[in-house]
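Structure record follows, encoded as structure tokens.
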Amino acid sequence: MIARLKEKYPHWKKLLIIPVVALGLLLFVIMVKTKRQPVKKVQEERVTLVRVIEAEAMPVVPRAIGYGYIQPGQVWDAVAEVPGKVVEVHPEFERGAVLAKGEILMRIDPAASSYVREQSEAEVERVQAELRKLDQSERDTRSQLEVEQGRLKLSAKDLDRNKQLVSQGVISQSELDAQEQSYLSQRNVVQNYQSTLNGIPASRASLKAQLASARSKTAGARLDEDNTVIRTPFDCRISATDVELGQAVGMNQVVATLDSLGENEALVQVPLYAFKNLLPQGQDTIPGSQVQMEEFRQFLGIDAMIRVRAQERTMEWIGHVTRISDAVDSDTRTIGVFVSVDSRIKNSRDEQNTPLIKNMYAEVELLGKSTTPLIVVPRTAVEAGYVNVVGSEGRLERRRVTVAFVQSSIAVLRSGVLVGERVVVSELIPAVEGMKLRPEIDEKLQRRMEDEALAKAVLK
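The following block contains the structure:
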């Protein structure tokens, strides 16, 4: 049958399109009949989710980071103050040895100094004997002068009596002349004794000057004897030795160099922009120039944290600023700050109390005086002098602010934001004034800012 149909309708395949088109029309009619009418939607305002913090007023500890090398607080050159042969040295007289204060570093042969001392002591005794002799001579002269003055009085009486006798014609003129000659001779004797007494004070002054000179020589000789022994002036480490046992040393020759222990100092270079934060509020100059002296003294008392990193461990010591460099480095635009630290004072974070060693490279954090309470916000929240604030009805407000200073990741504001206002810390692109916001407080960021402001976190 199929074969007969094929013979009768040779183009039967083309007829198959008719039911397909009919089926499509049927489906189209069904879809038109069953379609839903479009629903009108009311357009809603877009709300942007943002992270915020609540503005707080808090005292801020200004801080700055500098880097430098540790040096001993005192470096002492042991100098031979007397020449001679080294007859004794400390058993540990070697580079790197640690000695306590007052230990004998070395001893120089005191023979020459002892000889000079003995000579000067003998000279003192000789002059003292001369003074005693002069005192006795003065006493004897005064006693003899009294006798001769008595004789002079008697001779004067005899002369007066003879003059009367001559006038009476009892004795001759020659006898009167003889008596007058005797009187003159006696007066000359008295005058000689008086001259001797008058010269005694000058002789005594000369002898006293000789005595003072001799005693000075004795004191100098004894001092030289003492200087033959060189002692350590403080707890120290020997950094250099320049002589050996048996070697002769000359006057003012350096025999060793000693570095103090415990007291250390670091000269750290601090960027000017960070250093400015440490100055008293309202000052824009470097200490030592136009800042009042009292404020400068206050600055010198600020604390410092010295850190030395060794592999995975960080060691810390507490120190303080002692002085400021006299010039700014023209290449790096940094200023030198001298920080004193006593490594003998144990830091609670350094359980082993590791000593500081010369030429250690250290990071030093300077901690200034706390400011009056100011508003603190993230540094990234300030853009071109403006911050974004969640205003009334949860809408964005752009606020002009005055920045007191910027430190690490925080910005300290003088004005523009009030306590309790919510500051946007998310990045808004674009930030359109009045746009609707849905704020969400970032508590972790809030705590992090507080720790940084109060110096509870390490400055980055």
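Quick note on numbering: this note's numbering labels position 372 of the sequence shown as 380, and the sequence is numbered without any gaps. The beta carbon of each residue, even a glycine, is placed where N, CA and C say it ideally should be. Just so we're clear, the structure is a prediction, and the values are computed from it rather than from any experiment.
To the nearest angstrom, report how far apart residue i and residue j are at their CA atoms.
i      : j      : result
Val97  : Gly228 : 24 Å
Pro91  : Ala248 : 20 Å
Lys141 : Leu215 : 11 Å
Val58  : Glu460 : 23 Å
Ala274 : Leu374 : 12 Å
Gly327 : Tyr281 : 22 Å
Glu129 : Arg331 : 49 Å
Pro295 : Leu287 : Note that Pro295 scores 46 on pLDDT, short of 50, meaning its location in the model is unreliable and no value can be drawn from it.
Gly290 : Val336 : Bear in mind that a pLDDT of 45 at Gly290, under 50, signals an unreliable position, so the model cannot answer this.
Asp292 : Lys284 : With a pLDDT of 46 at Asp292, under the threshold of 50, the modelled position of this residue cannot be trusted, and the question is left open.
Asp334 : Val349 : 21 Å
Ile310 : Gly74  : 14 Å
Gln319 : Leu467 : 20 Å
Val395 : Gly376 : 27 Å
Ser297 : Arg71  : Caution is warranted here: a pLDDT of 45 is assigned to Ser297, below 50, making its placement in the model unreliable, and the coordinate value is therefore given only provisionally. One C-alpha to the other measures close to 21 Å.
Asp234 : Phe101 : 20 Å
Ala164 : Gln136 : 41 Å
Arg1   : Thr240 : Residue numbering for the chain in the displayed model covers 9 to 468; residue 1 lies beyond these limits and cannot be assessed.
Thr340 : Thr388 : 26 Å
Val299 : Lys225 : Because Val299 carries a pLDDT of 46, less than 50, the predicted location of this residue cannot be relied on, and no value is offered for it.
Glu111 : Lys93  : 20 Å
Gln415 : Val87  : 49 Å
Ile365 : Asn272 : 9 Å
Gln277 : Ala120 : 51 Å
Glu429 : Glu441 : 17 Å
Ile419 : Gln82  : Looking at the sequence provided, one finds Ala at residue 419 rather than Ile. Roughly 40 Å separates the two Cα atoms.
Phe242 : Ala65  : 49 Å
Glu435 : Arg422 : 23 Å
Taking the beta strand (DSSP E) that residue i falls in, what are its first and last residues?
i      : result
Thr149 : No beta strand (DSSP E) contains Thr149, which is instead part of the alpha helix (DSSP H) from Ala119 to Gln176.
Met259 : Where Met259 is concerned, there is no enclosing beta strand (DSSP E), given that its DSSP letter is neither H nor E.
Arg456 : Per DSSP, Arg456 belongs to no beta strand (DSSP E); it is in the alpha helix (DSSP H), Glu451 to Ala461.
Phe413 : Thr410 to Gln415
Leu280 : Note, Leu280: premise wrong, no beta strand (DSSP E); alpha helix (DSSP H) at Leu280 to Phe283.
Lys93  : Gly92 to Val97
Glu62  : Thr56 to Glu62
Ile437 : That residue, Ile437, is in no beta strand (DSSP E); it is neither H nor E in DSSP.
Ser338 : Note, Ser338: premise wrong, no beta strand (DSSP E); not H, not E.
Taking the alpha helix (DSSP H) that residue i falls in, what are its first and last residues?
i      : result
Gln82  : From DSSP, Gln82 is part of no alpha helix (DSSP H); its letter is neither H nor E.
Gln218 : Gln181 to Asn235
Rank the options by C-alpha distance to the C-alpha of residue i and give the top, closest one.
i      : options                           : result
Thr380 : Lys366, Ala412, Ser434 and Asp350 : Ala412
Met457 : Asp339, Lys444, Glu129 and Val433 : Val433
Ile246 : Gly258, Leu269 and Asn260         : Leu269
Val60  : Glu448, Glu460 and Leu467         : Glu448
Ser190 : Tyr369, Gly110, Pro80 and Asn170  : Asn170
Ile208 : Gln157, Leu139 and Ser193         : Leu139
Asp168 : Asn235, Glu391, Glu183 and Glu156 : Glu183
Lys444 : Val398, Lys468, Arg147 and Arg406 : Val398
Gln454 : Pro80, Ser417, Thr56 and Ala210   : Ser417
Arg317 : Val345, Ala370, Ser333 and Glu441 : Ala370
Cys244 : Pro80, Glu188, Arg315 and Ser180  : Pro80
Met313 : Asp339, Arg341, Phe346 and Gln319 : Phe346
Pro279 : Gly158, Ser338, Val94 and Ser193  : Ser338
Ala105 : Lys93, Ala264 and Leu462          : Ala264
Asp148 : Gln261, Ser400 and Gln202         : Gln202
Leu462 : Lys93, Arg134 and Ile383          : Ile383
Ser145 : Ser180, Val174, Asp250 and Asn206 : Asn206
Arg195 : Ala217, Gly177, Leu219 and Lys161 : Lys161
Ala186 : Gly428, Asp166, Val440 and Ala256 : Asp166
Ile238 : Val425, Arg115 and Thr56          : Arg115
Classify residue i: buried if its beta carbon has 16 or more other beta carbons within 10 angstroms, exposed otherwise.
i      : result
Val409 : buried
Tyr77  : exposed
Asp536 : What the structure shows of the chain is the stretch from 9 to 468, and residue 536 is not part of that stretch, so it cannot be assessed.
Pro67  : exposed
Tyr123 : exposed
Lys464 : exposed
Gly258 : exposed
Pro386 : buried
Thr322 : exposed
Ala63  : buried
Leu231 : exposed
Arg54  : exposed
Pro118 : buried
Opposite residue i in the DSSP bridges: which residues?
i      : result
Asp311 : His328 and Leu375
Glu271 : Asp350
Arg103 : DSSP lists no partner for Arg103.
Arg71  : Leu375
Arg321 : Ala318
Glu391 : Tyr394
Lys444 : Arg403
Arg430 : Glu62 and Val398
Pro386 : Ile418
Met114 : Val97 and Ile238
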